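In the numbering used here, the protein residues as written are 56 to 542.
Glycine included, C-beta positions come from ideal geometry on N, C-alpha and C.
Computed from a predicted model, the values in this text were never measured in an experiment.
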Amino acid sequence: MKSENLFPARLLGFGFYWAWLFLVGVSPSPVMGLVTYEGVPFEAVELAFRLLAILAIVVLARPLASNAGRRILLLACMVLGPVATVSLLVADGAAGIGATALLACVDAATFMLWLCFFGHMKVGETALYVALSYAAGALLCLVVMNMESGAASACAAVLPVLSGCSFLLSNRFYAQQTGSPAMFSEEAAEAGESETVFPYMNRMACALALYALLFGLATSTAVCNGIGGPYTGPYIEAPCCLALGVLLALVSRSPKHAHKLYLAYRFIPLLFALGFAALLFSDDRTFVVASTCIMLAYLTFEITSLNDFCNAVKAGGLSLVRMFGIARLAITGGMLAGWLLGFGSSLLPPGVPPVPFAVALGAVALVAASTLVFTEKEVFAVRGVADERILQENVARANGEAEGYAANVESFGQRWGMSKREMEVLDLLLKGRNTLYISQQLFIATGTAKTHIYNIYRKTDVHTKMELLDLFDTFCFENARDDPSPR
Numbered sequence: 056m057k058s059e060n061l062f063p064a065r066l067l068g069f070g071f072y073w074a075w076l077f078l079v080g081v082s083p084s085p086v087m088g089l090v091t092y093e094g095v096p097f098e099a100v101e102l103a104f105r106l107l108a109i110l111a112i113v114v115l116a117r118p119l120a121s122n123a124g125r126r127i128l129l130l131a132c133m134v135l136g137p138v139a140t141v142s143l144l145v146a147d148g149a150a151g152i153g154a155t156a157l158l159a160c161v162d163a164a165t166f167m168l169w170l171c172f173f174g175h176m177k178v179g180e181t182a183l184y185v186a187l188s189y190a191a192g193a194l195l196c197l198v199v200m201n202m203e204s205g206a207a208s209a210c211a212a213v214l215p216v217l218s219g220c221s222f223l224l225s226n227r228f229y230a231q232q233t234g235s236p237a238m239f240s241e242e243a244a245e246a247g248e249s250e251t252v253f254p255y256m257n258r259m260a261c262a263l264a265l266y267a268l269l270f271g272l273a274t275s276t277a278v279c280n281g282i283g284g285p286y287t288g289p290y291i292e293a294p295c296c297l298a299l300g301v302l303l304a305l306v307s308r309s310p311k312h313a314h315k316l317y318l319a320y321r322f323i324p325l326l327f328a329l330g331f332a333a334l335l336f337s338d339d340r341t342f343v344v345a346s347t348c349i350m351l352a353y354l355t356f357e358i359t360s361l362n363d364f365c366n367a368v369k370a371g372g373l374s375l376v377r378m379f380g381i382a383r384l385a386i387t388g389g390m391l392a393g394w395l396l397g398f399g400s401s402l403l404p405p406g407v408p409p410v411p412f413a414v415a416l417g418a419v420a421l422v423a424a425s426t427l428v429f430t431e432k433e434v435f436a437v438r439g440v441a442d443e444r445i446l447q448e449n450v451a452r453a454n455g456e457a458e459g460y461a462a463n464v465e466s467f468g469q470r471w472g473m474s475k476r477e478m479e480v481l482d483l484l485l486k487g488r489n490t491l492y493i494s495q496q497l498f499i500a501t502g503t504a505k506t507h508i509y510n511i512y513r514k515t516d517v518h519t520k521m522e523l524l525d526l527f528d529t530f531c532f533e534n535a536r537d538d539p540s541p542r
C-alpha cells in the first residue's frame, strides 16, 4: 500500500476531530453559542472534566497501550461522540453538566487515539500531519459555521463517527504498509529512561502548560468580559489554524527541513509578548490582532512540542500513551488555569480593570516560560534528539537497502558468537525496531526479547542501540574494503 493512500485518511480523520472540537468544545461555541453553568463558562467546566479523563488515561497507560486499549478509545470516539454531542445540544442544568463530562471523555480519547497514531511517523512528519490536520479541521469548521443551525448541529454529531472510521481505514493501511499488527502498542519505559533519552521532557511539559495558560487566559478574559465582540474563540482560532497549518507544512515537509521547525521556538515568546501588548491597548475592533498573535504563538508551540515528544518516544522506545498523555495533561491543566484566571478577572472590584490584570498575569507566566523553564539550552537538547532520530532512520534505511545486508548481519552475528535467534533479533534492532515490536514479530515474550537484546549488547560490548548501529556500520565498511570481489 502506497503512502499516498494513507495520507488523506489520517489527515482528514484528525481534521474531523478538530472540526468537532471547534464546533462544540470551545467557547463561544458556533453551534450552541455562549453556555454557562451557574455563571461558570462551559469551556472551564469541560476542561476540568477533560483533565480528569486524561489523568485516568495516564494512570491506565499500560493496559491502554494495546490493541484492546485502542478499541476502547475508538469506541468512545465513535459511539459516545455522537451521544455526547446530541445530549449537549438538548440538555441543560445538571443534564448539561453530565453531557459536558461525556464530551470531555470523548475529547481525551479521540485526541489520544490520533496522537498515538502520528507518534509512529518519521522525523518531522508528526508536526506536518498535525499541522495539516489543524488546517483541515479549521476549514471544515468554517464551512459548517456558515450552515443553517440544524444542519450544523447534525454535522457536529456525525464528525466523531467520521473521525473513527478514518482511523480504522488509516490503521488498515498502516498494517499493510508495515506488516505490524499492533501499530498502537508501545512498551512502557523503564524507570528513569526518559531522563537519559530526553532530559528536558519535564521542562517542555511545564512550558507547554504555561503557554496553554497564556492562551486560555487571553481567550477567557475576552469571553468573560465581553471583549472582542463576536470575534472570539473559534472564530479566530479556526482561521489561525488554517494559516498555521499551511505555513508549518511548508517548513516541515521533509526531514532535511526539520531543523527549520526549531526556529519557531525563538519567536514564540516574542509573538506572545506582542499579542498581550496589543491586548492591553486594543478595543473590540483591534482585538482580533492581539488574539491572532496569541493564538498563533500558542498553536505553534503546541505543534512543535508534540513533535518533540514524539521524537523522544521514538528515540527511547517510551510509551506513546503515557508520554502524549502527559503532554495533553499539561495542555489541559494550563488551559484550565487560564480560564479560571480569566473568569476571575470578571469578578474583580469595579475599580480594577480586567484586561491590565490579565496582561500582568500573562507577563509573569511568559517570563517564567521563556527565561526559566524552556530556554535556548532546552531547544538545543530537543534538536539533538531530532538529529539522533534522523541518524537512526538513515542508518536503518541504508542497512535495509544495502546490497549484501543479510550476509553482513549473518557475518556480524558470527563474528561475535551470536545464536540464530539473537541474529534474528539483531536484524530487527538494526532496522530501528523496539522490544515490543521484536517480541510480536518473532512470537516471543517481551522478557525473552529483552534477554536477547541484553546478550547482543554484552557480546558486542555496547550499551545503546546507537553504539550497536555504529559498530555494525563500521563492520560493514571494513567488510566491503577487505572484499576483493567486484561490486
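Margin query: Looking only at its chain, what residues have a beta carbon closer than 8 Å to the beta carbon of Thr529, apart from the 5 residues adjacent to it on each side?
Written below: none
Margin query: Let's see if you can read the secondary structure: which residues bound the alpha helix (DSSP H) around Ala317?
Written below: Inspection of the sequence shows that residue 317 is occupied by Tyr rather than by Ala. No alpha helix (DSSP H) holds Tyr317; DSSP gives it neither H nor E.
Check: Of the residues Thr359, Arg488, Val134, Pro411, which one's Cα is nearest the Cα of Leu299?
Finding: Thr359
Next item on the list: May I have the straight-line CA-CA distance separating Leu170 from Pro404, to the nearest angstrom?
Entry: 43 Å
Note to self: If you reduce the DSSP assignment to three classes, tell me which class Ser82 lands in.
What the structure shows: coil
Notebook entry, point to check: By Cβ distance, which residues of its chain are closer than 6 Å to Phe77, with the 5 residues on each side in sequence left out?
Noted result: Cys196, Pro289, Ala293
Margin query: Could you pull the DSSP bridge partners for Thr91 from this structure?
Written below: Pro96
Notebook entry, point to check: Does the beta carbon of Pro411 sit closer than 7 Å to a beta carbon anywhere in chain C?
Noted result: Considering every chain present, this structure includes no chain C. It has just one protein chain.
Check: In this structure, does DSSP put His507 in helix, strand or coil?
Finding: helix
Check: Are the CB atoms of Leu157 and Ala139 nearer to each other than 7 Å?
Finding: yes
Margin query: Using only the alpha-carbon positions, how far apart do Glu203 and Ala304 sit?
Written below: 32 Å
Next item on the list: Decide if the region 215-229 is in contact with the region 128-136; the criterion is three or more beta carbon pairs, one per stretch, under 8 Å apart.
Entry: yes
Note to self: Out of Ala103, Met256, Val199, Ala211, which one is the CA nearest neighbour of Val428?
What the structure shows: Met256
Next item on the list: For Ala193, count neighbouring Cβ atoms within 10 angstroms of its own Cβ and tell me buried if that reaches 16, exposed if not.
Entry: buried
Notebook entry, point to check: Is the Cβ-Cβ distance between Trp394 and Ser494 less than 7 Å?
Noted result: no
Item checked: Rounded straight-line distance, which links the Cα of Glu433 to that of Gly468 -> 39 Å
Next item on the list: Take Ser84 as the anchor and find which of Ile291, Thr387, Arg377, Tyr229 has the nearest alpha-carbon.
Entry: Ile291
Checklist line | Under the three-state DSSP convention, the category Trp471 falls into | finding: coil
Next item on the list: Using beta-carbon positions only, say whether Ser225 and Gly70 come within less than 7 Å of one another.
Entry: no
Checklist line | Own chain, CB closer than 6 Å to Ala267, minus 5 neighbours either side, in chain order | finding: Ile386, Gly389, Met390
Check: When the Cα of Lys315 is compared with those of Pro324, Leu302, Phe327, which residue comes out closest?
Finding: Leu302
Checklist line | Own chain, CB closer than 6 Å to Ala333, minus 5 neighbours either side, in chain order | finding: Val344, Ala345
Notebook entry, point to check: What whole-angstrom Cβ distance do Ala74 and Leu128 have, given they're in contact under 8 Å?
Noted result: No, Ala74 and Leu128 are not in contact; Cβ-Cβ is about 19 Å, not under 8 Å.
Item checked: C-alpha gap between Lys520 and Arg513, whole angstroms -> 12 Å
Check: Shortest alpha-carbon distance to Leu168 belongs to which of Ala120, Ser401, Asp338, Glu101?
Finding: Ala120
Notebook entry, point to check: Taking the Cβ atom as the reference point for each residue, do Ile349 and Ala273 lie within a distance shorter than 7 Å?
Noted result: yes
Margin query: So for Met202, helix, strand or coil by DSSP?
Written below: coil
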